[in-house]
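Position in the sequence shown (from 1) plus 415 gives the number in our numbering.
Glycine is no exception: its CB is placed at the ideal position from the N, C-alpha and C atoms.
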Amino acid sequence: MLPPPQFTRRVIGPAVFFALVACLAAAEPERLTFCSYNLKNWVTADPVAEPSGTTKPEAERVRVVRILAAIHPDILGVCEIGTSEDLEEFQQRLLQAGLDLPHTEMAHGGDETRRLALLSRLPIKARNSQNALTYQLGEHTLPFQRGILDVTISITPTFDLHLLGVHLKSMRAVADADQAMMRRNEALLLRRHIDSIFAREPDAFILAYGDFNEHRNEPAVAEVMGGPRTGDTAMQDVLLRDANGEVWTHFWDIADVYSRLDYCFASRLLRPHIDYRESYIYSDRDVNKASDHRPLVLKISPAPILKAGKP
Numbered sequence: 416m417l418p419p420p421q422f423t424r425r426v427i428g429p430a431v432f433f434a435l436v437a438c439l440a441a442a443e444p445e446r447l448t449f450c451s452y453n454l455k456n457w458v459t460a461d462p463v464a465e466p467s468g469t470t471k472p473e474a475e476r477v478r479v480v481r482i483l484a485a486i487h488p489d490i491l492g493v494c495e496i497g498t499s500e501d502l503e504e505f506q507q508r509l510l511q512a513g514l515d516l517p518h519t520e521m522a523h524g525g526d527e528t529r530r531l532a533l534l535s536r537l538p539i540k541a542r543n544s545q546n547a548l549t550y551q552l553g554e555h556t557l558p559f560q561r562g563i564l565d566v567t568i569s570i571t572p573t574f575d576l577h578l579l580g581v582h583l584k585s586m587r588a589v590a591d592a593d594q595a596m597m598r599r600n601e602a603l604l605l606r607r608h609i610d611s612i613f614a615r616e617p618d619a620f621i622l623a624y625g626d627f628n629e630h631r632n633e634p635a636v637a638e639v640m641g642g643p644r645t646g647d648t649a650m651q652d653v654l655l656r657d658a659n660g661e662v663w664t665h666f667w668d669i670a671d672v673y674s675r676l677d678y679c680f681a682s683r684l685l686r687p688h689i690d691y692r693e694s695y696i697y698s699d700r701d702v703n704k705a706s707d708h709r710p711l712v713l714k715i716s717p718a719p720i721l722k723a724g725k726p
C-alpha cells in the first residue's frame, strides 16, 4: 500500500534536495590558488662576484617555505631566484613541506643572477619566455633586466591561462640611465608582449604579475594597464588587501617605508573568474623575516564567479 502523498513529499523531498545539492557541489569547478612572491635573493652567491653577499640566510628560507606551505598554491610565480640548481633546491624544500609543484619554467634578461621562475601542479602547455628584449634610451641600448616569464597552463580544455611574470628595474639609481625611465621602457615591452598575445588570441585569459617596483600612480603601471587606446585589451589592477585591510606589499626597513610595489593585472575576460572576496595579501607576524615582500594570493575558478565583488 502506497503512503499518502504528503508522507511521500515529506520523506522523498528532502532526500532529493540534499542529493541535488551534493551533485551541484561536486560539479562546481575546482578553484585554483595562484601566488606571486618575491623571495628576496634566493640565490647561491659567488663570493668573488658578490663580495657583499646575497646568499639567502637559512632562517629566511625556512620561513619562506613555511609561508608557502600555509598558502598551498597550485601555481607559484617567484622573483629573485638564482640558478636552475637554486630552483631545484627550492622545489625540493616545498615538496618536503607537502607542496608538490613538479612543472617549472625559468626566465631572465640582462641580469642572470636574479631570475624569474614559475612552479605549477598542472602541466605547462606552452612556453614563450622572453630573455633577450632590449630598448633604446638616448644612445644606449639596454636589456630588459629580468625579461618576461611567459607560460600557458590549461586549467580546463576550454580555459587556457596565460601567466606573465615580471620583475621591473629596481628603484636604485644606476649610472646607465634614469631608473624610472628604465622601468617605463620595460613596462612598454611587457605591454607590447601582452598585445601580441591578444593579436593571436583576442579572448585570451591573461594574468600579468610580479614585482613592478613602482607605485600605482606612476607611468610604468599605466603603460601595463593600458587605457582607452587599448579597449578590450586593457589590464585591470586586482586590488588585494590583507586581513587588516592594508594594501602594502613591500617594507623598506631602513627608511620605515611601506609601499605597494607588487601587482596582479587581469585581462577583461579573466576578471569574472577571480574570487575577489577570497583573494588576499598574505600576512603573519614573521612575514618580514622571510622576505621584504609579502605574497599575493588569487583564487581563480574555471567558471565565472557569481556576485564577485572587489574588496
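For residue i and residue j, which I take to be in contact (beta-carbon distance under 8 Å), what is that distance rounded to the nearest angstrom?
| i | j | result |
| --- | --- | --- |
| A614 | M650 | Actually they do not touch by this definition, with Cβ atoms about 15 Å apart. |
| G580 | L531 | 5 Å |
| D626 | H688 | Incorrect: roughly 24 Å between the Cβ atoms, too far for contact. |
| E554 | A602 | The pair is not a contact, with the Cβ atoms about 22 Å apart (cut-off 8 Å). |
| D489 | L454 | In fact, because the Cβ distance is near 18 Å, the residues do not count as touching under 8 Å. |
| H487 | L514 | 6 Å |
| Y678 | D652 | 6 Å |
| S451 | L654 | Rounded, the Cβ-Cβ distance is 14 Å, inconsistent with contact. |
| R606 | G642 | Actually they are not in contact, since the Cβ atoms of R606 and G642 sit about 11 Å apart, beyond 8 Å. |
| A670 | S698 | Incorrect: roughly 20 Å between the Cβ atoms, too far for contact. |
Between which residues of its own chain and residue i is the CB-CB distance below 6 Å, once the five residues before and five after are set aside?
| i | result |
| --- | --- |
| R562 | Reading off the sequence, residue 562 comes out as Gly, not Arg. Only A522, H523, G524, Q545 and N546 meet the Cβ criterion. |
| T567 | K540, A541, D575 and H577 |
| A705 | E475, R478, V479 and I482 |
| D565 | N543, S544 and L579 |
| A464 | Legend: pLDDT at A464 = 48, less than 50; position of this residue unreliable, value from coordinates given subsequently. The answer is none, since no qualifying residue turns up. |
| H608 | I563 |
| A441 | For A441, the predicted model reports a pLDDT of 41, less than 50, meaning its position is unreliable; a value from the coordinates is still stated below. For A441, where only same-chain residues beyond five positions count, there are no Cβ hits under 6 Å. |
| I570 | L576 and P717 |
| H518 | S535, P538 and I539 |
| N600 | Y550 |
Suppose the cutoff is 8 Å on Cβ atoms and the five residues either side in sequence are ignored; what does the same chain contact list for residue i look like?
| i | result |
| --- | --- |
| R656 | V662, Y695, I696 and P726 |
| W457 | K471, R476, V479, V493, E495, I496, G497, D501 and F505 |
| P719 | P687 and H688 |
| T459 | T470, G497, T498, E500 and D501 |
| R508 | R476 and V480 |
| S585 | Q594 and N628 |
| R587 | Q594 |
| A592 | L552, G553, H555 and L557 |
Per DSSP, which one or two residues make a beta bridge with residue i?
| i | result |
| --- | --- |
| R508 | Partner(s): none; R508 has no beta bridge. |
| D575 | S569 |
| W663 | Answer is none; W663 lacks a bridge partner. |
| G580 | L564 and Y624 |
| H708 | H665 |
| Y695 | V712 |
| I689 | I715 |
At what residues does the alpha helix (DSSP H) containing residue i begin and finish?
| i | result |
| --- | --- |
| S611 | Q594 to R615 |
| A623 | Element bounds for A623: not the alpha helix (DSSP H) but the beta strand (DSSP E), F620 to D626. |
| M640 | P634 to M640 |
Start and end of the beta strand (DSSP E) containing residue i?
| i | result |
| --- | --- |
| V672 | V672 to S674 |
| K714 | L711 to I715 |
| M650 | M650 to D652 |
| N453 | L447 to W457 |
| L681 | Per the sequence presented here, residue 681 reads as Ala, with Leu not at that position. It spans D677 to S682 - the beta strand (DSSP E) in which A681 sits, taken as one unbroken run. |
Whose C-beta lies closer than 7 Å to the C-beta of residue i among residues of the same chain, with five residues either side of it excluded?
| i | result |
| --- | --- |
| I715 | R446, L447, F449, H688 and I689 |
| L721 | none |
| L685 | F620, I621 and L622 |
| E629 | L583, R598, A635, V636 and L676 |
| L604 | L548, Y550 and F559 |
| T528 | V458 and G497 |
| E693 | K714 |
| S682 | A619, F620, I621 and M650 |
| I612 | H577, A619 and I621 |
| F666 | Y673, N703 and D707 |
- Item | Contained beta strand (DSSP E) runs [length at least 3] in the region 480-565, N- to C-terminal order | 490-496, 518-522, 530-535, 549-552 and 555-558
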